[in-house]
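Asker: Protein chains in written order, with my numbering: chain V, 1 to 386; chain L, 1001 to 1253.
#1: Roughly how many whole angstroms lie between the Cα atoms of residue 59 of chain V and residue 94 of chain V?
#2: Residue 165 of chain V and residue 220 of chain V look like a contact to me (Cβ under 8 Å); what is the Cβ gap, rounded to whole Å?
#3: Distance cutoff 8 Å, beta carbons only. Does residue 1020 of chain L sit that close to anything in chain V?
#4: What residues from the region 1185-1198 of chain L come within 9 Å of chain V, judged by C-beta to C-beta, listed N to C?
#5: Nearest to residue 1027 of chain L by CA position, among L/1036, L/1033, L/1034, L/1017, is which residue?
#6: Taking C-alpha atoms, which residue in V/144, V/282, V/272, V/125 lies nearest to residue 222 of chain V?
#7: When you compare the CB positions of residue 215 of chain V and residue 123 of chain V, do they come within less than 8 Å of one another, or not?
#8: Who are the neighbours of residue 12 of chain V on chain L, taking C-beta pairs under 8 Å?
#9: If we ignore side chains and look at the alpha-carbon of each, how far apart do residue 89 of chain V and residue 1120 of chain L end up?
#10: Three or more beta-carbon pairs under 8 Å between the region 1107-1124 of chain L and the region 1036-1055 of chain L, yes or no?
#11: If we define contact as Cβ-Cβ less than 8 Å, is residue 1160 of chain L a contact residue for chain V?
#12: Tell me which same chain residues have a C-beta within less than 6 Å of the C-beta of residue 1205 of chain L, skipping the five on either side of it?
#13: If you drop the 5 nearest sequence neighbours on each side, which residues of the same chain put their C-beta closer than 8 Å to that of residue 307 of chain V?
#14: Compute the beta-carbon to beta-carbon distance between residue 79 of chain V and residue 16 of chain V, rounded to the nearest angstrom, for a pair I have assumed lies under 8 Å.
#15: What residues in the region 12-28 of chain V have a beta carbon less than 7 Å from any beta carbon of chain L?
#16: Leaving out the 5 sequence neighbours to the left and right, which residues in its chain are closer than 8 Å to residue 314 of chain V when beta-carbon positions are compared?
#17: In whole angstroms, what separates the C-alpha of residue 1242 of chain L from that of residue 1228 of chain L?
#18: Hey, which unbroken runs of the alpha helix (DSSP H) at 4 residues or more fall wholly within the region 341-371 of chain V?
#19: What are the boundary residues of the alpha helix (DSSP H) that residue 1148 of chain L is part of?
#20: Is the shortest distance between the beta-carbon of residue 1077 of chain L and the beta-carbons of chain V less than 8 Å?
#21: Can you give the Cα-Cα distance for residue 311 of chain V and residue 318 of chain V, rounded to whole angstroms?
#22: Going by other Cβ atoms of all chains shown within 10 Å of its Cβ, with 16 needed for buried, is residue 330 of chain V buried or exposed?
#23: If you scan the region 1050-1123 of chain L from start to end, which runs of the beta strand (DSSP E) of 3 or more residues do you find wholly inside it?
#24: Taking Cβ-Cβ distances shorter than 8 Å, what residues in chain V pair up with residue 1073 of chain L?
#25: Along chain L, in chain order, which residues have C-beta atoms closer than 7 Å to that of residue 52 of chain V?
#26: What did DSSP end up calling residue 73 of chain V once you bin it into helix, strand or coil?
And the structure:
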């Protein structure tokens, strides 16, 4: 076993970390205050990342990406996790589901997305369909040779910057012994398509500036050329590509936890009460010990899951474990850090309250902790017939 | 024209330095190490000269422990073409003194025959600010220190130097040694393609014996101490009080 990073991986980590520290951190307070990323800043970040060859580094070389493996990319995402999501969005990691593009879809969507010319967003969640994906009511029906889409999607991150969205809608229903089951199809929908509108969503306490948008389809007519993958093959497309977003949430959480931990550690060493640094009190020092132990555990759990993907081994349960543990760890670490800061931790003079708020969504999006526990336990019990 | 860039592995500038309990130096165990920031500026300048077509090859050289390999890989990932590592110490706490470094660099210069040596003005660990000057004396080359602007024009270099109270521009005959200051440029990040290529670029490993140079220390460190902690300031009520205090207590006017 080798737990060390290669020279290349070490350099990738240090480069991405310096980028986040120098290009992202200085703008975080403004984004937090205004809830907006100035468009010039977004363009500038994107251009720098393109020049550095890191844009779409999760894509294979034959489509213009950097061809990073899962462990490499997990390390990139870990360092990006340190920074504001509103800003790291422009570090450019298009949805790898775009690899399902075929024929002229590659020229219209995949390749421009990898080059940073067109940005994408993924739309699955609906007001009535969160964890229960098959509960979606957004649908597409045949009309002549076309498809007509109707319905609403919400919580669509990044759709405000998207030139096109990848949207999952119901295209029929199968009768099964366990009741009716929806068939799902994936569509590529360009911004500006008649009948398709993108509007502001809700104001979230987590990740200000990384907006969640609402998409509305009102008799939105699409030709067959906009179907990604097979008709009724939406679940296959999801299963093939969407595991990656869960490992991203896990490793982002690890990176952010490390950043937060540095605040806790330094504050415990500097803040004096009762005539000594508060880190000398066991109540604080043992918290620090627990925090770093959990951060390391989450880091290795996540990297091990990525390593399994690189080896072509089944990793569904391992990714679910990493997502579950890393996001819950982040909640504990941010909460303990706030406790170490005391009252000042709640004030917006320090970023601690922001880390604490941002941490909350990680246990919810891309599969709640409960869904991850379901995936893990089903993986264990199903083979036993239970 | 070939450009030689010496780079040193030093304690990272973000690390809070801790003096060893026995006062023999700074604790480097398990501490993040990076390329000396001034050397990074020198590497950047050399790569820019190459991009402008002025330089044909950029060779990075480091002298120190084996781990300085990482520092050289960073230089290669930024865009240097090849690297030379002279392993002159086993212990990370051993610092090779400027004269020994200058002698080794002089030997490398004789072998490589660069037209220009671009070095950091000093390393942020010991702040010696001596190696470039010593190298110039050993080689009999012209030198331009504290550069904030470098232009190569045929057989000479126009170098703007940051001196006390202003800027001075000098014309130095090539080949020459230029030591660079903070404001010369802003070093680039390593690009992903260059990171991937860095491993494939040649990195030669040598020892001081290969060059016949004795690196044993000539200086001894008497004591290393933490800087005195700053005392809290006082608020003054008026300009008159301030002037009185500056005159009578601080004795500065």
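Glycine included, each C-beta is placed from N, C-alpha and C at the ideal position.
Answerer: If we stick to the structure as given:
#1: Approximately 8 Å, taken between the alpha carbons.
#2: Contact doesn't hold; Cβ gap of about 11 Å is too wide.
#3: Between residue 1020 of chain L and chain V, the shortest Cβ-Cβ separation is not below 8 Å.
#4: Within the region 1185-1198 of chain L, the residues whose Cβ lies closer than 9 Å to any Cβ of chain V are, in chain order, 1188, 1189, 1190, 1191, 1192, 1193, 1194, 1195, 1196, 1198.
#5: Between residue 1027 of chain L and the set L/1036, L/1033, L/1034, L/1017, the nearest pair of CA atoms involves L/1017.
#6: Nearest C-alpha to residue 222 of chain V: V/144.
#7: Going by C-beta atoms, residue 215 of chain V is nearer than 8 Å to residue 123 of chain V.
#8: Per Cβ cutoff of 8 Å: 1192, 1195.
#9: C-alpha separation (whole angstroms): 36 Å.
#10: Contact check between the region 1107-1124 of chain L and the region 1036-1055 of chain L: three or more CB pairs, one atom from each, fall below 8 Å, which counts as touching.
#11: Output row for residue 1160 of chain L: interface = no.
#12: Around residue 1205 of chain L: 1085.
#13: Excluding its 5 nearest sequence neighbours in each direction, residue 307 of chain V has C-beta neighbours in its own chain below 8 Å: 70, 71, listed in chain order.
#14: Going by Cβ atoms, the distance from residue 79 of chain V to residue 16 of chain V rounds to 4 Å, so yes, they are a contact pair.
#15: Taken in chain order, the members of the region 12-28 of chain V whose beta-carbon sits within less than 7 Å of a beta-carbon on chain L are 12, 15, 18, 19.
#16: Spatial neighbours of residue 314 of chain V in its own chain (CB-CB distance under 8 Å, excluding positions within 5 residues in sequence) are listed in chain order as 308.
#17: Rounded to whole angstroms, the separation of the alpha carbons of residue 1228 of chain L and residue 1242 of chain L is 24 Å.
#18: Within the region 341-371 of chain V, the complete alpha helix (DSSP H) runs of at least 4 residues are 352-362.
#19: Note, residue 1148 of chain L: premise wrong, no alpha helix (DSSP H); beta strand (DSSP E) at 1142-1153.
#20: Answer yes: the Cβ-Cβ gap between residue 1077 of chain L and chain V drops below 8 Å somewhere.
#21: C-alpha separation (whole angstroms): 13 Å.
#22: Flag for residue 330 of chain V reads buried.
#23: Restricting attention to beta strand (DSSP E) runs no shorter than 3 residues, the region 1050-1123 of chain L encloses them at 1057-1064, 1082-1087, 1116-1120, ordered along the chain.
#24: The answer, in chain order, is 7, 11.
#25: Residues of chain L with a Cβ closer than 7 Å to the Cβ of residue 52 of chain V are, in chain order, 1189, 1191, 1192.
#26: In the displayed model, residue 73 of chain V falls within a helix according to three-state DSSP.
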